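Asks: Handing you this structure, nothing more for now.
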Amino acid sequence: VLLIFCHVAPYMGLVNLCYRNRSEPLDSCTTVTGYFSAHTGKMNIQEYFARISYNKSHKDADLQTLTDIFQHHIQAIPFENLSMHCGEPVKLDLQSTYNKIVRKNRGGWCLESNHLLFWALQELGYDTCILGGNTYEPAERAYTAEMNHILLKVVIKGDSYIVDAGFGGAYQSWQPLMLISGKDQPQVPGIFRFVEDNGTWFFEKVKRKHYIPEQSVPFTDTPELGNIRKIYTFTLEPRHIDDFQELNTYLQVSPDNILRKKSICSLQTTEGLYALVGWTFTEVKYNY
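Counting from 18, one number per residue, gives the positions in the sequence shown under this note's numbering.
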């Protein structure tokens, strides 16, 4: 059961967390030592660790370390689109993303958060690459025609995992997900799974029931989908950050883009998540 508390008022603590201050990935899942040497002169993995409050061992590029870093990342770096609402352009080069998120204590959308995580994982020796996804639009009951999401694939001891720190909200996974078709993968936010069809992977979640105090009946925010929430599709074709430059521009200038219509900021917590959409603050707690 989800406990949801809504406040129709600005939640300045989350705003301050998200906005306290006014490159390039590989084309395969093979780590090349020094690939970022031309870009990382002013970046430091220890500074990133301090930003996400991570102080555990990272000597082994294993699944446990990946999981720990991933959870610290999503609980420290908000999904947010505040730059466009403050007249600040979003740049996709790695140094700009690093400065914004690590040094200015900001968050970012998927293109930024996952790009930064990609850099960090490569610095730690993980075999990782960027993938592109097409999100599901409930109003259209269809996936977008154009690629509009970025996610990561990480290979550990021959097993592939999907790592996505940039979806935000109630559909954000809390742990790396094994890339295997048809297998239910329970996590605290719900049950996630992938289904593969002719080279295309479909990512979906079995929704947990939402419970709001003062309402006697649990509700679902997408009743036409029942308990299954389609999230996005993707292929395993490695992508380059430059493949998302056009999308990055579109998201900032298109009046039809939902991110242009409202400011959004969400952060995962140890119990659930915080979300600030416009002036409405919502706290979600996963309660068993």
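Virtual Cβ for every residue (Gly too), placed ideally from N, Cα, C.
Keep in mind it's a predicted model, so treat the numbers as computed, not measured.
Taking the alpha-carbon positions, what's the residue 200 to residue 304 distance?
Replies: Cα-Cα distance, rounded: 24 Å.
Asks: Do you know offhand how far residue 97's Cα is from residue 60's?
Replies: So the two alpha carbons sit approximately 22 Å from each other.
Asks: Measuring only from the beta carbon, is residue 66 closer than 6 Å to any heavy atom that is part of the ligand FMN?
Replies: No copy of the ligand FMN occurs in the structure displayed, which carries no ligand at all.
Asks: Counting C-beta neighbours from all protein chains within 10 Å, is the total for residue 170 16 or more, i.e. buried, or is it exposed?
Replies: That one is buried.
Asks: What residues match up with residue 256 in a beta bridge as DSSP calls it?
Replies: The partner list for residue 256 (beta bridge, DSSP) reads 147.
Asks: Please go through the same chain and pick out, in chain order, the residues whose beta-carbon is closer than 8 Å to the beta-carbon of residue 261, but skip the five residues on each side of it.
Replies: Closer than 8 Å at Cβ, skipping near neighbours: 109, 128, 149, 164 and 167.
Asks: Let me confirm a value: residue 232 is counted as buried when at least 16 other C-beta atoms fall within 10 Å, else exposed. Which label applies?
Replies: Because the pLDDT at residue 232 is just 47, under 50, the model does not fix this residue reliably, and the point stays unresolved.
Asks: Taking the alpha helix (DSSP H) that residue 269 falls in, what are its first and last residues?
Replies: Counting along the chain, the alpha helix (DSSP H) containing residue 269 begins and ends at 262-270.
Asks: Identify, in the order they occur along the chain, each residue of the same chain with its Cβ nearer than 7 Å to the Cβ of residue 177, setting aside the five sequence neighbours on each side.
Replies: 170 and 196, listed in sequence order.
Asks: Tell me where the beta strand (DSSP E) around residue 249 begins and ends.
Replies: Segment 245-251, the beta strand (DSSP E) holding residue 249.
Asks: Can you tell me whether residue 69 is buried or exposed, with buried defined as 16 or more other CB within 10 angstroms of its CB?
Replies: Buried.
Asks: Could you give the C-beta distance for residue 142 and residue 78, rounded to a whole number, given that I count them as a contact under 8 Å?
Replies: At roughly 4 Å, the Cβ-Cβ gap stays under 8 Å, so residue 142 and residue 78 are in contact.
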